[in-house]
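As they're listed, the protein sequences go chains A and B.
In terms of UniProt numbering, the first sequence has 370 at position 370, counting the first letter as 1, and numbering is strictly consecutive.
In terms of UniProt numbering, the second sequence has 127 at position 127, counting the first letter as 1, and numbering is strictly consecutive.
To keep things clear, I will list the structure first and then write my remarks on it.
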Amino acid sequence: MKKEMDEKKKVGVFICHCGRNIAQTVDIEKLMEEVREKYDVEFVEDNMYMCSDPGQNLLKESIQAKNLDRVIVAACSRDMHEPTFRSAAQEAGLNPYLVEIANIREQVSWVHDDKEKATEKASKIIGSTIEKVVRDEPLEPLQIPVVQRALVIGGGIAGIQAALDIADAGYEVTLVEKSPTIGGHMAQLAETFPTLDCSQCILTPKMVALSRHPKINLLTTSEVVSVEGYVGNFKVQIRKNPRYVDVDKCNLCDDCTAVCPVVVHDEYNQGLAPRKAIYIPFPQAVPASYVIDEATCLGIDPLICSKCKDVCLVEAIDFDMQPEIIEEEFGAIVVATGYDIYPIENIGEYGYGSHPDIISGLDFERLLSANGPTQGVIRRPSDGKIPKTVVFVHCAGSRDPAKHLPYCSKICCMYSTKHALQYKHLVHDGTAINFYIDVRTAGKDYEEFYKRAAEEEQVIYVRGKVSEIIEDGDQLLVKGVDTLLGEAVEVHADLVVLATGLVPSKGTQEISHLLKLSCDSKGFLKEAHPKLKPVESALSGIFIAGTASGPKDIPETVAQASGAAAKAATILASEYLEREPQIAQVDPTTCGVCHTCIHVCPYGAIYLDEVVGRITVREALCEGCGSCAAACPSGSIELKNSTSEGIRARIKALLQG
Amino acid sequence: MSTSKQEQESGIKNPDPKIVLFLCRWCSGKGADLAGTSRLSYPPNVLPIMVNCTSRIDPRFVVEAFLDGADGVLVTGCHFGDCHYKTGNYKAYRRLSLVAKLLKQVGVNPKRFRLTWISATEAAKFVEVTTEMVNDLKKLPPYWRNGNGGNTNE
């Protein structure tokens with residue numbers, strides 16, 4: 001079929017035998033004849049192996065000798081050799097986007113037996129591809145300038161590691177942390193499994209290294225309030241909330257806390273100890289400075305109370321500090337917003353909150369910590385006695401799809417084992433009983449750690465769930481079942497520790513809305529691919545580290561943070577990003593500005609440029625799905641090299657003859 | 001519906017139906033390729049056209065394919081949740097379900113238009129769907145070439 005184009009294109013068709021792979025089912029001679037006869041082509045040639053050097057040379061020489069401006073290689077799937085033929089064409093001076101593959105192997109010769117029919121189908125596919133390629137335009141890869149600076153959101157171990165790695169790679173990093181110090185949950189832990197390393201001892205050097213790093217700008221008491229833009233060019237607004245204490249002046253003398261009249265629960269100690277309204281979260285906090293808790297301090301109005309200000313010799317306290325909005329641009333973002341523990345008040349049957357000696361795993365970490373409320377001596381909250389029997393309830397609120405979390409939080413078996421071991425180390429004559437569903441010890445040296453607890457250190461493991469915990473005198477009666485013996489079990493305990501699972505932190509939920517990141521059914525951030533892209537979000541240039549994407553232990557979190565940092569650094573490493581140029585474009589002369597395309601675009605790549613009143617495509621965001629082109633009621637938005645006209649012509653070509 | 005064996009034998013009204021097959025570049029396109037690499041076999045009546053995403057498929061393409069002489073149109077994309085472009089297949093599902101309804105209302109046999117999801121590993125499903133559709137359409141008269149647009153009493 002001959003067509004009339006504005007300018008006649010010189011199409012070259014190269015048909016590959018692929019040894020016998022194509023040639024045995026497709027009659028190459030007949031196919032060449034048909035292509036010459038039926039279609040308006042300049043040149044048709046065949047080759048035993050088009051992908052071989054002689055085949056590629058044939059392609060290059062013919063492009064030059066015959067002045068071809070469109071090329072079709074009828075061969076295998078485009079996934080196999082499209083890049084091969086496109087770069088060969090480029091070497092011969094032809095724009096690579098003017099080379100198309102007609103798949104006559106995977107979709108013809110390998111799946112059909114009837115030679116005549118297969119040849120006919122191959123001819124139709126080539127004819128249809130010709131209709132595409134004559135309409136295709138030469139395209140150049142998009143070049144997007146990159147702001148060579150990264151933003152890390154969240155200052156737990158994941159954020160710290162990611163920030164350090166990116167900064168060590170030579171790029172500037174801004175780390176935004178909501179609370180007054182970095183460190184996150186890891187700073188609350190006593191020791192870590194399976195090595196029983198002191199958590200603070202391995203964490204705080206990293207915190208200090210971060211605060212001293214010349215490439216890292218640390219913003220604590222700060223929150224991301226808005227994010228605009230796209231990979232390489234994120235425009236971010238950060239609100240730095242007032243700390244009311246000048247970090248540079250504060251010399252940690254602690255005079256202020258002595259005079260502060262306000263006593264509240266200390267979050268760092270899980271409410272098991274008091275703190276003042278002016279406080280330092282913990283002694284090794286970074287930045288090393290006190291902070292005033294705006295919500296409870298009386299003195300934000302200095303007329304009511306200014307006791308701390310009066311005693312501060314270095315004049316570090318300033319009640320007039322105001323929130324500051326900082327606007328910065330970044331090339332890549334790492335989200336490391338972490339987890340919260342499952343609110344155990346939800347687990348009514350376990351009585352959290354109804355009795356002070358029923359505590360969470362994180363509470364127990366504080367009781368174990370040398371800098372905790374009991375200076376590392378395990379004393380139960382109700383009366384300060386050292387508990388002689390402690391029951392650890394695994395899967396408290398986990399793996400319970402009917403009422404609580406459906407999933408396994410991965411770390412609770414290990415941390416309960418760690419708790420039991422640490423307890424035995426501190427209270428030698430104590431009894432530690434673990435109620436478990438399964439003990440899951442998938443990790444390096446984890447099984448050995450569990451065996452050590454169960455076999456060498458007399459930690460008792462009972463397979464079964466706890467049904468109820470009730471007060472019994474000054475003790476707690478734990479009712480459960482031993483499913484191995486098939487018996488009901490009742491244990492009197494002095495302290496019950498509930499191993500609660502992890503849920504997405506409030507910050508994770510907020511940031512997912514702000515960055516428009518998708519979440520899974522549990523609210524954790526969704527990876528671009530659960531297996532092959534575990535640190536990338538679906539949005540280009542935004543990466544995920546740590547428990548924001550699901551429960552993880554520390555080694556996995558750190559590994560993921562380093563992975564996210566490496567991915568971010570890959571973006572920052574170049575001044576420009578190259579992107580596929582097959583994107584949407586708007587014809588403003590026919591566009592009715594109906595906004596349909598804006599709503600269907602999954603990437604927010606289309607917007608109304610209010611200045612000129614035109615629908616505009618953000619080239620860096622468009623991924624080229626073509627959803628907008630299919631939705632546009634006036635046909636004013638088209639996907640480059642996949643136009644409606646082209647697709648219609650391809651359909652016609654397939655059906656002709 | 002044919003009941004007797006004789007009727008069934010003579011039930012072939014269109015020995016060589018033409019089916020336009022839309023493939024997405026990511027899942028179903030790769031599934032179709034896998035059918036080839038696995039050396040499975042299906043009838044040559046399906047004529048492929050690859051787009052980046054099923055959401056690129058303008059409903060008009062389907063209608064026009066019938067006007068251009070197709071006996072059937074088969075659209076294949078990624079399974080829900082697997083779309084390379086996040087939600088493209090949902091959009092295709094919504095748009096093309098309307099097309100299916102419209103075609104039915106104007107008298108086109110629903111067997112002539114199918115929308116299905118095929119993953120990159122589901123070569124067997126690809127073969128099953130294409131073979132089934134070709135066999136179904138062999139039992140229907142040619143859509144356009146029979147002179148009445150095929151739109152009566154199908």
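Positions of the beta carbon are idealized from the N, C-alpha and C atoms, including for glycine.
By the rule that beta-carbons nearer than 9 Å mark a contact, A:A629 touches chain B.
Following the DSSP letters along the chain, one finds A:D255 in no beta strand (DSSP E) but inside the alpha helix (DSSP H) bounded by residues 255–259.
Just so you know, the alpha carbons of A:K465 and A:A277 end up roughly 41 Å apart. C-alpha of B:C78 to C-alpha of B:G88: approximately 9 Å in a straight line. Taking A:K30 as the centre and dropping the five residues before and after it, the same chain places the C-beta of T119 closer than 7 Å to its C-beta, in chain order. Taking a 10 Å sphere around the C-beta of A:Q375, we find fewer than 16 other C-beta atoms and assign the residue as exposed. Check the Cα spacing between A:D438 and each of A:D429, A:Y450, A:D445, A:A432: the tightest is with A:Y450. The beta carbon of B:I49 sits closer than 9 Å to some beta carbon of chain A. Shown in chain order are the members of the stretch 103–116 of chain A whose Cβ falls below 9 Å from a Cβ of chain B: N103, R105, E106, Q107, V108, S109, W110, V111, H112, D113, D114. Of all residues in the stretch 85–104 of chain B, only Y85, K86, T87, G88, K91, A92, R95 place a beta-carbon less than 9 Å from a beta-carbon of chain A. Checking the DSSP bridge columns, you'll see B:L47 partnered with B:V20. Non-local beta-carbon contacts of A:R149 in its own chain, meaning distances under 8 Å to residues more than five positions away in sequence, involve Y171, E172, V173, T174, E328, E329, F330, G331, L572 in chain order.
In summary, the residues of the stretch 63–88 of chain B whose CB is separated from some CB of chain A by less than 7 Å are E64, A65, D68, G69, A70, Y85, K86, T87, G88, in the order they occur in the chain.
Chain B has no Cβ within less than 9 Å of the Cβ of A:D255.
If you draw a straight line from the Cα of A:I637 to the Cα of A:L608, it is about 13 Å long.
Around A:K235, the same chain offers E228, G229, E329 as residues with beta carbons nearer than 6 Å, after the five sequence neighbours per side are excluded. The shortest CA-to-CA distance from A:E456 to any of A:G473, A:H492, A:T417, A:I469 is the one to A:T417. Per the C-alpha coordinates, the member of A:A370, A:C250, A:G271 positioned closest to A:D318 is A:C250. In the three-state reduction of the DSSP assignment, A:V497 falls in the strand class. Between the alpha carbons of A:Q161 and A:E556 lies a distance of about 12 Å. Contact annotation: the stretch 609–625 of chain A does not touch the stretch 557–571 of chain A, with fewer than three C-beta pairs closer than 8 Å.
A straight line joining the alpha-carbon of B:P15 with that of B:N45 spans about 10 Å.
A:C625 belongs to the set of residues whose beta carbon lies under 9 Å from a beta carbon in chain B. Considering only beta carbons, the part of the stretch 75–103 of chain A lying closer than 7 Å to chain B consists of S77, D79, in chain order. Taking C-beta atoms as the reference points, A:S537 and A:L621 fail to come closer than 9 Å.
Close partners of A:K424 in chain B (Cβ separation under 7 Å) are lacking, with about 46 Å as the shortest Cβ gap. Between A:I202 and A:A163, the CB-CB gap reaches or exceeds 9 Å. When DSSP states are grouped into helix, strand and coil, A:R399 belongs to the coil group. For A:S360, there are no C-beta contacts with chain B under 7 Å, since the nearest C-beta of that chain is about 34 Å from it.
By the rule that beta-carbons nearer than 9 Å mark a contact, A:Y603 touches chain B.
Of all C-beta pairs linking the stretch 364–383 of chain A to the stretch 216–226 of chain A, fewer than three are shorter than 8 Å, placing the two stretches out of contact.
By the 16-neighbour rule on beta-carbons within 10 angstroms, A:R20 is exposed. If you draw a straight line from the Cα of A:V586 to the Cα of A:T616, it is about 7 Å long. Looking only at A:Q582, A:Y407, A:C632, the smallest Cα-Cα distance to A:K522 is reached by A:Y407.
Among the residues of the stretch 486–508 of chain A, none has a Cβ less than 8 Å away from any Cβ of chain B.
Relative to A:D494, the option among A:T221, A:E447, A:A454, A:G430 whose CA is nearest is A:G430.
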